[in-house]
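Visitor:
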Amino acid sequence: PNTSTKYLSISPNSYTQLDIPLHRLIEGFLLSCRVENKSPKTLSFYKNNLEKFEWYLSKFGIKTIDASTIRNFLGYVKDTEHRWDSTNTRANRIVSPTTVKSYYTSLSALFTWAMEEQLITANPMTTVKKPKLPNKSVKGCEPEMIRILLNSFNGRSFNDLRNKAMLLMFLDT
17 PNTSTKYLSI SPNSYTQLDI PLHRLIEGFL LSCRVENKSP KTLSFYKNNL EKFEWYLSKF
77 GIKTIDASTI RNFLGYVKDT EHRWDSTNTR ANRIVSPTTV KSYYTSLSAL FTWAMEEQLI
137 TANPMTTVKK PKLPNKSVKG CEPEMIRILL NSFNGRSFND LRNKAMLLMF LDT
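For our numbering, count along the sequence shown from 1 and bump the result up by 16.
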């Protein structure tokens with residue numbers, strides 16, 4: 017991160033100011049995660065998402081982080097094609113609700129940590145509701161297909177009995 021980046025206000029509104037460089041908050045948060053033995057994938061997940069948040073603030077000249085800023089950022093992630101000024105094909109397609117929720121999770125973890133460390137006076141995530149994920153219902157097997165599968169293990173051999181038992185367990189769960 018650019019060390020000459022201006023300080024950003026981390027506050028619930030523009031009236032309470034606690035100037036702290038966001039990149040320093042992120043560095044401290046990631047260090048804390050490393051010390052807590054979070055997995056390298058978790059660290060990479062947080063780092064990537066939080067760097068994108070930092071990019072967004074810089075790109076649009078945003079100096080105050082509040083609930084509205086967070087919502088606008090999540091809206092940017094959700095609805096914008098050609099995100100991050102990237103030509104990468106992944107950045108040029110609409111993201112899933114799960115991806116939007118991952119950005120929410122990263123920001124929430126950062127600001128919760130910053131509150132616990134008393135580095136900020138108010139958590140801008142407090143009034144931002146977690147994005148809902150659509151219910152995924154798994155379609156069950158048709159009764160005819162179940163009958164065909166069960167009948168395919170008619171023998172008395174160990175393998176047939178084992179396979180039928182596994183099939184029944186999978187069907188029950």
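Even glycine gets a Cβ: it sits at the ideal position worked out from N, Cα and C.
1) Quick check on residue 42 - is its C-beta less than 9 Å from some C-beta in chain B?
2) Do residue 181 and residue 144 have their CB atoms nearer than 9 Å?
3) What is the rounded straight-line gap between the Cα of residue 142 and the Cα of residue 106?
4) What is the residue span of the alpha helix (DSSP H) that residue 127 lies within?
5) Just how far apart, CA to CA, sit residue 114 and residue 161?
6) Is residue 146 closer than 9 Å to residue 120 when the C-beta atoms are compared?
7) Would you call the stretch 126-141 and the stretch 97-112 in contact, with 3 or more CB pairs under 8 Å?
8) Measure the beta-carbon distance from residue 183 to residue 169 and round it to whole angstroms, keeping in mind my assumption that it falls under 8 Å.
9) For residue 86 versus residue 140, is the C-beta distance shorter than 9 Å?
10) So residue 72 and residue 46 are in contact, right, with Cβ under 8 Å, and what is the actual spacing, rounded?
11) Would you mind giving the Cβ-Cβ distance between residue 65 and residue 122, rounded to the nearest angstrom? I have them listed as a contact below 8 Å.
12) If you check the beta carbons only, do residue 95 and residue 75 fall under 9 Å apart?
13) Measure the alpha-carbon distance for residue 117 versus residue 88 and round it to whole angstroms.
14) Going by CA-CA distance only, name the one from 54, 59, 149 that's closest to residue 42.
Guide: Here's the rundown:
1) No chain B appears in the structure shown, which is made up of a single protein chain.
2) Against a cut-off of 9 Å, the Cβ pair of residue 144 and residue 181 comes out as no contact.
3) Those two C-alpha atoms are separated by around 30 Å.
4) Under the DSSP assignment, residue 127 falls in the alpha helix (DSSP H) whose first and last residues are 113-132.
5) The alpha-carbon atoms of residue 114 and residue 161 are separated by roughly 32 Å.
6) The answer is yes: Cβ separation under 9 Å.
7) Not touching, per the Cβ criterion.
8) The Cβ separation is near 7 Å, so the contact holds.
9) Yes, Cβ-Cβ distance for residue 86 and residue 140 is below 9 Å.
10) Their Cβ separation, rounded to whole angstroms, is 18 Å, which puts residue 72 and residue 46 out of contact at 8 Å.
11) Right, their Cβ atoms sit about 4 Å apart.
12) It is not a contact, given that the beta carbons lie outside the stated cut-off.
13) Taking the straight line joining both Cα atoms gives about 14 Å.
14) For residue 42, the closest of 54, 59, 149 by C-alpha to C-alpha distance is 59.
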